[in-house]
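K.L.:
For reference, the structure I am asking about is given below.
There are 2 protein chains.
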Amino acid sequence: MNKEIRIFSPGTVSNVACGFDVLGFCLDHIGDEMLVRTTPQQGISITKIEGYDLPYETEKNVAGVSALALIEDFQPGFGFEIEIYKRIKPGSGIGSSAASAAGSVFAINELLGKPYNKTQLTAFAMKGEAVSSQSEHADNLAPAIFGGFVLVKSLNPLEILNLPTPEELYAVIIHPQIEIKTLEARAILPKDIPLQKAITQWANLGSLVHALHSDDYSLLQRSLQDVVIEPYRSQLIPHFDEVKTAALKQGALGFGISGSGPSIFAITKGEDSARSVEAAMRKVYESSSLQFETYLSKINKEGIKTISK
Amino acid sequence: MNKEIRIFSPGTVSNVACGFDVLGFCLDHIGDEMLVRTTPQQGISITKIEGYDLPYETEKNVAGVSALALIEDFQPGFGFEIEIYKRIKPGSGIGSSAASAAGSVFAINELLGKPYNKTQLTAFAMKGEAVSSQSEHADNLAPAIFGGFVLVKSLNPLEILNLPTPEELYAVIIHPQIEIKTLEARAILPKDIPLQKAITQWANLGSLVHALHSDDYSLLQRSLQDVVIEPYRSQLIPHFDEVKTAALKQGALGFGISGSGPSIFAITKGEDSARSVEAAMRKVYESSSLQFETYLSKINKEGIKTISK
């Protein structure tokens, strides 16, 4: 008898100012739905994609590739078909491909009776994510799978740390409708950085982790600073400095580029603050000719959710 | 009526592998004693120095300079004389000058009825420490003043975070009798470092802070890695790699250069482990012609202590 599961796979914000390549957090109601069901025939097939134009061919679809990695390891003796209801625009910088890559392996793991832990699921999902970013990363995947704030301690061996997430943290995201390719955003970065800036960055990351453990919102604010990457990548994002200034002036705890952009995010304490920060950020873009969308979300401690099974 | 206080000012280990320039911890029974008493005449005078040959002239003595910085701010209307019973050899890399600089301001603050908090005391002590290191640092001072593990979040403004210190942490230190000047140890470092190495380092520091908060000794072990500074500075320390290998093989959680050397340290879980790591480290140096000393200490959560008042 065939089994099926419907899940919600959320978007994520990676890098998070001082945590380039190692830190991420999970968004709440912003994300894709996916339906995965067992099939008698082996293998993975993508049977439906709604929302955006993405490849149906399993080996070219991030959800397909991560699912293939899992079943190659598990060898279930049957297969799965996947329907993707895409809500996160590909290339937005809030983990669109990660949501697909993580969602399919989460769903299959549930249908198989949870043989794999979250770190193992992240490893499978990395195979899918690599299809879109050309290199293996976990800082967008792990927050979707673990929920809350995560630190990718190392990729080899893969080690993910689930950090505490203070209760009142909200994120505001503004997504200008421009395209920045992950590869280009990587190419703009220098190979070497000044040791002094690296020291500032690791002091900030260390103190951010301390702030998350201590529920210290004020220290969070002083820690969410990126002196290494932002000066380069912010050039790719129109009105970055103005939006940042507006958000911080309105009381945002921190501000930065989400993933490799073009989305930019603010973190706030509480929903009221998030709403006024959102308004301030919108105002900057409204006076330009740019198309944009904004999202407001509590930080999601749970990660991917099962909707029905 | 004159008042006096006798204090114990401990040695410290700074940098601590992945925490170059920002992390330090406090040693327990390894340190100096100082006696400070009020005098009717204003100013600071150093009236006794035992143990090592250090300048009596107030403006050239780290304890004198830090004390001057404090009384210049407080303007007590009377003065202090300082006796220093030095046990930590200057230039050993375990915070000898920091113990003096921090000790005098701690003692004077006690005699004045504690007008200053620990961060303010660290700021005064930095003025003294600068006499010996030619630049202002806090990563040796703050652990003596705050106790336990500290993160120097920033120097300007000065912000010190007291991190949790797991109960069973011990340090073993081996001090080869060679001289490494702080200035030389700084000069050997590159101005720029590879971004990839910086990312590894900040992932390690973030995960170290998480491990300290979580009492996770195993994660501590995986985090205490220095991929940035150690490859350069370890060249200045004879038999570094052999001692490191011996310590880690014997179960040390981590290993590194204390401050700018020449002392090197291991961190262990528990005193028994510390004793066998110490033996393994001694064995390496015993088969060489080097003079050396070792120290074994619980991590001191209290910092500078009042002996009598």
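Chain order of the listed sequences is A and B. All residue numbers for the first sequence refer to UniProt numbering, where the first residue is 1 and numbers rise by one. All residue numbers for the second sequence refer to UniProt numbering, where the first residue is 1 and numbers rise by one. All C-beta atoms, glycine included, are put in the ideal place defined by N, C-alpha and C.
1) Taking B/L236 and B/A185 to be in contact with their CB atoms under 8 Å, please state how far apart those CB atoms are, rounded to whole angstroms.
2) Measuring alpha carbon to alpha carbon, tell me which residue in A/G113, A/I188, A/L208, A/F25 is nearest A/T38.
3) Do B/Y170 and B/A279 count as a contact pair if the criterion is CB distance below 9 Å?
4) If you reduce the DSSP assignment to three classes, tell me which class B/R37 lands in.
5) Checking the sheet assignment: what are the DSSP bridge partners for A/S14?
6) Closer than 6 Å by C-beta to B/S45: which residues in its own chain qualify, once you throw out the five before and the five after it? Chain order, please.
7) Going straight from the alpha carbon of A/G95 to that of A/L290, what length do you get?
8) For B/S287, count neighbouring Cβ atoms within 10 angstroms of its own Cβ and tell me buried if that reaches 16, exposed if not.
9) Of the residues B/A17, B/G91, B/R6, B/S132, which one's Cα is nearest the Cα of B/K60?
10) Can you give the Cα-Cα distance for A/V277 and A/R222, rounded to whole angstroms?
11) With 9 Å as the threshold, decide whether the Cβ of A/T182 is near any Cβ in chain B.
12) Mapping DSSP to helix, strand and coil, what is B/E83?
13) Roughly how many angstroms separate the alpha carbons of B/E179 and A/C18, rounded to a whole number?
14) How many whole angstroms separate the CB atoms of A/L151 and A/V209, which I take to be in contact at a CB cut-off of 8 Å?
15) Am I right that A/K48 and A/E83 are in contact with their C-beta atoms under 8 Å? What's the rounded C-beta distance?
16) Rounding to the nearest angstrom, what Cα-Cα distance links A/I257 and A/G11 in this structure?
17) Give the range of the beta strand (DSSP E) segment to which B/V227 is assigned.
18) Between B/D192 and chain A, is any beta-carbon pair separated by less than 9 Å?
19) How about A/A63 and A/S104: are their beta carbons less than 9 Å apart?
20) Using a Cβ-Cβ cut-off of less than 9 Å, list which residues of the region 195 to 210 of chain B approach chain A; keep chain order.
21) Does the CB of B/E230 have a neighbour CB from chain A at under 9 Å?
22) Mind pulling the chain B residues with CB within less than 7 Å of A/L161?
23) What did DSSP end up calling A/S258 once you bin it into helix, strand or coil?
24) Mind listing, in chain order, the continuous alpha helix (DSSP H) runs of no fewer than 4 residues lying wholly within the region 117 to 184 of chain A?
25) Would the beta-carbon of A/I145 fall within 9 Å of that of A/G303?
26) May I ask you to list, following chain order, the residues of the region 146 to 161 of chain B that have a beta carbon less than 8 Å from some beta carbon of chain A?
27) Tell me the rounded alpha-carbon separation between B/W202 and B/P40.
28) Between the region 155 to 166 of chain B and the region 117 to 127 of chain B, can you find at least three pairs of beta-carbon atoms closer than 8 Å?
29) Taking CB distances under 9 Å as the criterion, tell me whether B/L290 reaches chain A.
30) If residue 397 of chain B and B/D215 are in contact, beta carbons under 8 Å, what's the gap, nearest whole angstrom?
31) Show which residues of chain B have a CB atom less than 7 Å away from the CB atom of A/H213.
32) For B/V16 versus B/G254, is the C-beta distance shorter than 9 Å?
33) Can you check whether the C-beta of A/S223 is within less than 9 Å of a C-beta belonging to chain B?
34) A/D299: which of A/S92, A/F8, A/I30, A/R6 sits nearest, CA to CA?
35) Let's see if you can read the secondary structure: which residues bound the alpha helix (DSSP H) around A/E57?
36) Are the C-beta atoms of B/D28 and some chain A residue less than 9 Å apart?
P.N.:
Concretely, from the data shown:
1) Confirmed, about 7 Å.
2) A/G113
3) Taking C-beta atoms as the reference points, B/A279 and B/Y170 fail to come closer than 9 Å.
4) strand
5) For A/S14, DSSP records a beta bridge to A/G24.
6) E81
7) Rounded to the nearest angstrom, the two C-alpha atoms are 22 Å apart.
8) exposed
9) B/S132
10) 18 Å
11) Closer than 9 Å to the CB of A/T182 there is not a single CB belonging to chain B.
12) strand
13) 37 Å
14) 7 Å
15) 4 Å
16) 14 Å
17) No beta strand (DSSP E) holds B/V227; DSSP gives it neither H nor E.
18) yes
19) yes
20) L195, Q196, K197, A198, I199, T200, Q201, W202, A203, N204, L205, G206, S207, L208, V209, H210
21) It does not: the Cβ of B/E230 has no partner Cβ on chain A nearer than 9 Å.
22) S207, H210
23) coil
24) 118 to 133, 141 to 146
25) yes
26) L151, V152, K153, S154, E159, L161
27) Each residue's alpha carbon lies about 51 Å from the other.
28) The region 117 to 127 of chain B makes contact with the region 155 to 166 of chain B; the number of CB pairs closer than 8 Å reaches 3 or more.
29) no
30) With chain B covering only 1 through 309, there is no way to say anything about residue 397 of chain B.
31) H213
32) yes
33) With a threshold of 9 Å between beta carbons, A/S223 makes contact with chain B.
34) According to the sequence displayed, residue 299 of chain A carries Ile and not Asp. Measuring from the Cα of A/I299, the nearest candidate turns out to be A/I30.
35) Taken as a continuous stretch (DSSP letters only), A/E57 belongs to no alpha helix (DSSP H), as it is neither H nor E.
36) It does not; no Cβ of chain A falls within 9 Å.
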